[in-house]
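*Asks:*
Numbering (our numbering), first residue to last: 3 to 192.
Okay, here's the thing in structure tokens:
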């Protein structure tokens, strides 16, 4: 199967710009780019829940900008995707979409509220995903294939513990859903 995908990678400061730099020409260009998109992948660091209020405010401003520039009735999907789900506390129940939603609601309640408000329109759809570029080790009792080399106030810095056994998960699932509107069970498995 071939999936038609065109994407732009915006800087991590995108949410900060949505809060503090509305009216910035670069930000207007970002929103203009997103206006014609049928699907948007929001990739959020799973350990960044302390930024929940900022994400929520940024999304509120982003949705206002989209609605202002675009057709409110345009079909649009958002794949809200938590990254780094090989880290402790994030990878458990990663194959169960219901558990994923509960995990996100617990970690990002304000952000979830903004997504629910936006989705309250029949032409809009949101689904939730977890992903890990590092992956897990083992089948029966999986554990993160992560070696934490440093932790500080800015987060954890990790490397792949066993590169020869590297097996990422969830990298394609949100893209598949954005293109088809359907989840593919084997893509959700690690």
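All residues carry an ideal CB built from backbone N, CA and C; glycine is no exception.
Since we're looking at a predicted model, the values are computed, not measured.
For residue 134 and residue 172, which I take to be in contact (beta-carbon distance under 8 Å), what is that distance rounded to the nearest angstrom?
*Replies:* Rounded, the Cβ-Cβ distance is 6 Å, consistent with contact.
*Asks:* What first and last residue would you give for the alpha helix (DSSP H) that runs through residue 190?
*Replies:* Segment 187-190, the alpha helix (DSSP H) holding residue 190.
*Asks:* Counting along the chain, where does the beta strand (DSSP E) carrying residue 160 start and finish?
*Replies:* Start and end: 157-162.
*Asks:* Along the alpha helix (DSSP H) that carries residue 86, what are the first and last residues, could you check?
*Replies:* Note, residue 86: premise wrong, no alpha helix (DSSP H); not H, not E.
*Asks:* Rounded to the nearest angstrom, what separates residue 156 and residue 129 at their Cα positions?
*Replies:* Residue 156 and residue 129: Cα-Cα distance of roughly 28 Å.
*Asks:* Drop a sphere of 10 angstroms on the beta-carbon of residue 80, count the other beta-carbons inside from all chains shown, and report buried for 16 or more, exposed for fewer.
*Replies:* So residue 80 counts as buried.
*Asks:* Below 8 Å on the Cβ atoms is my guess for residue 26 versus residue 19; work out the distance and round it to an integer in Å.
*Replies:* Residue 26 to residue 19, Cβ: 6 Å. Contact.
*Asks:* What distance in whole Å lies between the Cβ atoms of residue 102 and residue 136, which are believed to be in contact at a cut-off of 8 Å?
*Replies:* No, residue 136 and residue 102 are not in contact; Cβ-Cβ is about 18 Å, not under 8 Å.
*Asks:* Judging by CA-CA distance, which residue of 49, 115 and 56 is the nearest neighbour of residue 249?
*Replies:* Coverage of the chain is limited to positions 3 through 192, which leaves residue 249 absent and any answer about it impossible.
*Asks:* Any idea if residue 123 is buried or exposed, counting beta-carbon neighbours within 10 angstroms, 16 or more meaning buried?
*Replies:* Exposed, by the Cβ-count rule.
*Asks:* Which whole runs of the beta strand (DSSP E) in the segment 119-174 are 3 residues long or more, in chain order?
*Replies:* Complete beta strand (DSSP E) runs here, min 3: 126-132, 148-154 and 157-162.
*Asks:* Pull up the CB-CB distance for residue 159 and residue 5, whole angstroms please, since I reckon it's below 8 Å.
*Replies:* That pair is no contact at about 33 Å.
*Asks:* Please return the same chain residues whose Cβ sits closer than 7 Å to the Cβ of residue 47, not counting the five positions on each side in sequence.
*Replies:* The residues are 85 and 86.
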